[in-house]
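Asker:
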């Protein structure tokens, strides 16, 4: 009886640690709880409505078709290293992959990916400028095609 109780107690404490996976959504939620001033959530049905009734180019439509969910967090405070300890640990552990960092004078953009499964992935874009800091979280169907994102910059 003591063995069964001991095994159950060990399972109770170890199972959540084994099942829990870091997610970029958790990074955004942590930042929101500490710093957020304005949050905008764009659910998939609004994206689909925009695709159905919006007048847009083929490249723009292809990018929007990949997006399942989008969350934008805007803050007038600048990012601090302590705001993203979970993110930096995830990059060090290999859970997240930093895809790109762009420094353009006072503006800085970082893109971090998390491949949740073959069918789902998420991308976090951190944009920091002189007047505000913005987090943009995207959930994708499958792995996003970055060539389509780059076509939007032209």
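Numbering (the numbering used here), first residue to last: 884 to 1037. Just so you know, even glycine gets a beta-carbon here, dropped at the ideal spot from N, CA and C.
1) Would you identify the three-state DSSP class for residue 917, choosing helix, strand or coil?
2) Whole angstroms are fine: how far does the CA of residue 948 sit from the CA of residue 977?
3) Here's the rule: buried if 16 or more other CB atoms are within 10 angstroms of the residue's CB, otherwise exposed. What is residue 1005?
4) Taking the C-alpha atoms as reference points, what is the distance between residue 1045 and residue 986?
5) Rounded to whole angstroms, how far is the Cβ of residue 1015 from the Cβ of residue 959, which I believe are closer than 8 Å?
6) Classify residue 1023 as helix, strand or coil using the three-state DSSP reduction.
7) Taking only runs of the beta strand (DSSP E) that begin and end inside the stretch 973-1024, which ones reach a length of at least 3 residues, in chain order?
8) Considering only DSSP beta bridges, list what residue 922 is partnered with.
Answerer: Reading it off the structure:
1) Reading the chain shown from its first residue, position 34 is the one you call residue 917. In this structure, residue 917 counts as helix in the three-state DSSP scheme.
2) Taking the first residue of the chain shown as position 1, residue 977 is located at position 94. Taking the first residue of the chain shown as position 1, residue 948 is located at position 65. When rounded, the distance between both Cα atoms is 28 Å.
3) The count along the chain shown starts at 1 and reaches residue 1005 at position 122. It is buried - the Cβ of residue 1005 has at least 16 other Cβ atoms within 10 Å.
4) In the structure as shown, the chain begins at 884 and stops at 1037. Residue 1045 is therefore absent and cannot be evaluated.
5) Translated into positions along the chain shown, residue 1015 becomes position 132. Translated into positions along the chain shown, residue 959 becomes position 76. The pair is a contact, with the Cβ atoms about 5 Å apart (cut-off 8 Å).
6) Taking the first residue of the chain shown as 1, we reach residue 1023 at position 140. It is a strand residue.
7) 980-987, 990-998, 1003-1011, 1016-1024
8) In the chain shown, residue 922 corresponds to position 39, counting from 1. Paired residues: 956.
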